[in-house]
Amino acid sequence: MKTKSVKDIMVPLAEYATTHQEATLFEAVQALEKSWGQSRASKFKHRAVLVLDQKGYVVGKVSHWDLLQALEPKYRKIADFDRLTHFGLNPAFMRSMVDKEELWDDPWNLLCARASNILVKNAMRPLSEDDFVDEEATLAHATHLLVMGRKLSVLVRRGDKVVGVLRIVDVCDNVCEMIKTCTL
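Numbering that gives the first Met the number 0 puts the first residue of the sequence shown at 0, with every later residue one more than the last.
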């Protein structure tokens, strides 16, 4: 894995789901679905939409978690989920939160209205330095970043420009292919 580089298995930016930061969540969902129909290079569907600014630079990401959290506004009252999930909450407590806060109790038809009114820039997760890896980095280095950061993907850079996405599913698939060639 030290001989392969990130650029060998990344999904190029041109093949990834993107939307503008001023788009709505409804439009982001459409972009994600469109990418599923076009992702011929991979057997795995994309799990996020990259968010672009006016100049076309990647400024954020909307994951499945971000989408669902944005569609249920009561989550904002509960806590900072990035910190809360590290405490190992038990299933009974999690169920009580759903009941107590009446999460997802609104009629499903309100989802369409919400999705059409929430801007991507208000639902996206802003990027930090640990969301990036250089395209020349080894697959071993990138795998370490994904595993230690418990990330599903990282953005691949060439200089200061995002050129692709390295997904853990592709790394794992690549590792599984290597394992299958082993002789025992």
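Cβ atoms here follow ideal geometry from the backbone N, Cα and C, with glycine treated the same way. Please read these numbers as outputs of a predicted model, since none were measured by experiment.
- Counting every other CB atom within 10 Å of its CB across the protein chains shown gives K60 a total of 16 or more, marking it as buried.
- The continuous beta strand (DSSP E) containing S152 extends over residues 152 to 157.
- Cβ-Cβ distances below 8 angstroms link L126 to V57, V58, G59, K60, L154 in the same chain, with the five nearest sequence neighbours on each side left out; the list follows chain order.
- Per the Cβ contact rule, the stretch 4 to 24 is in contact with the stretch 132 to 145 (3 or more Cβ pairs under 8 angstroms).
- In this structure F43 touches D169 by the C-beta definition: roughly 7 angstroms separates them, less than 8 angstroms.
- Taking all protein chains in view, the Cβ of V146 is surrounded by fewer than 16 other Cβ atoms within 10 Å, so the residue is classified as exposed.
- Its Cα nearest to that of L12, the residue V48 stands out among K179, M177, Q20, V48.
- In the DSSP assignment, R113 is bridged to no other residue.
- Exposure of A91 is indicated by the presence of fewer than 16 other C-beta atoms within 10 angstroms of its C-beta.
- For the 8 angstroms CB-CB criterion, V119 and L183 do not form a contact.
- Here the C-alpha atom of E32 lies approximately 27 angstroms from the C-alpha atom of R157.
- For D52, the number of other beta carbons within 10 angstroms of its own is below 16, and it is reported as exposed.
- Taken in chain order, the whole alpha helix (DSSP H) runs of length 4 or more contained in the stretch 3 to 76 are 24 to 37, 63 to 70.
- The beta carbon of N173 sits closer than 8 angstroms to the beta carbons of K3, I8, L138 from its chain, once the five residues preceding and following it are set aside; these are given in chain order.
- The beta-bridge partner set that DSSP reports for G163 consists of P11, V155.
- Taking the Cα of K160 as reference, the smallest distance to any Cα among N121, G55, A27, A30 is reached at G55.
- Spatial neighbours of V132 in its own chain (CB-CB distance under 8 angstroms, excluding positions within 5 residues in sequence) are listed in chain order as V5, H140, A141, L144, V153, L154, V155, R156, L165.
- For T17 and E71, the gap between their C-alpha atoms comes out near 23 angstroms.
- About 6 angstroms separates the beta carbons of H45 and Y15, which is inside the 8 angstroms limit, making them a contact pair.
- With 16 or more other Cβ atoms from the protein chains shown falling within 10 Å of its own Cβ, G163 counts as buried.
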